[in-house]
Amino acid sequence: MVNKVDFYFDPVCPFAWIAFGWIKEVEAQRDIDLNVRIMSLAVLNDGREGHTPESAKGLDSAWRPVRVAGAVEERLGQPGLRRYYETFGRLFHVERVRGRDKVIRETLARLDVDDLIAAADTTDYDEAVRKSHDAGMEPVGLDVGTPTIHVDGVAFFGPVLSAIPRGQDALDMFDGTLLIARNPHFSELKRTRSRELRYD
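Per this note's numbering, the very first residue in the sequence shown carries number 1; after that it's consecutive.
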């Protein structure tokens, strides 16, 4: 049986990037139907106490990368959206390129769709971003964040990792996560993070 995996990401989230590395490691060893989907930290944190409004962040607004992601998906489909995330993530998380506008522009240049930078500063894709975000978050609850993964219709938050599991470790975590997530009475399993994050 081929597991259908929908991986919800915000491009700037470090934990999503590490979890994406894990699910790609699973994909390399097992036949899964992996699709990337947009979620948004801008939507998630809108109005939350202690969070600076995105309108005050200028070029570093969390809206800009996901709006562009929406435009890329509209033009290039699922393969293009995945390339956008893989390229943005490697530049931002692994190569540590800063600021976000520079990363978006370099990503679009590598995808040969430079003109889509215009999407960053319009609201044209906000509805599509919110729709995707809601589809990813509603089944797991709005008190969690990213990464959020749906496997064969079962949705869960996490896993939150400090490094990418490789080889059999990645498969073991995938199988164990599915077993836990499929229990309808399961809601949370957690321990304090104590290790430095590794992105590659």
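The beta carbon of each residue, even a glycine, is placed where N, CA and C say it ideally should be.
With a cut-off of 8 Å on the beta carbons, I'd call Y8 and G136 a contact; round off their distance for me.
4 Å
How far does the beta strand (DSSP E) with I117 in it reach, from first residue to last?
I117 -> no beta strand (DSSP E), and no H or E assigned at all.
So, with DSSP's three-state summary, where would you put I12?
Correcting the residue type first, residue 12 is Val in the shown sequence and not Ile. Coil, per DSSP.
Nearest-angstrom Cα distance between L142 and V113?
33 Å
Using CA atoms only, rank isn't needed, just tell me which of M39, G99, A119 and E49 is closest to R75.
A119
Which of helix, strand or coil does DSSP assign to V144?
coil
If you count every other CB in all the chains shown that lies within 10 Å of the CB of F186, and 16 or more means buried, which is it?
exposed
Given L116, which residues of its chain have a CB within under 8 Å of its CB, disregarding the five upstream and five downstream residues?
V68, A71, V72, R75 and L108
Would the region 87-104 count as touching the region 9-17 if we require 3 or more Cβ pairs under 8 Å?
yes
Determine the contact status of V26 and L171, defining contact as a CB-CB distance below 9 Å.
yes
Rounded C-alpha distance that separates L197 from L161
8 Å
Secondary structure at A163, three-state DSSP: helix, strand or coil?
coil
May I ask which residues mark the beginning and end of the beta strand (DSSP E) holding L34?
I32 to I38
Rounded to whole angstroms, what's the CA-CA distance from D121 to H51? Just pull it up for me.
20 Å
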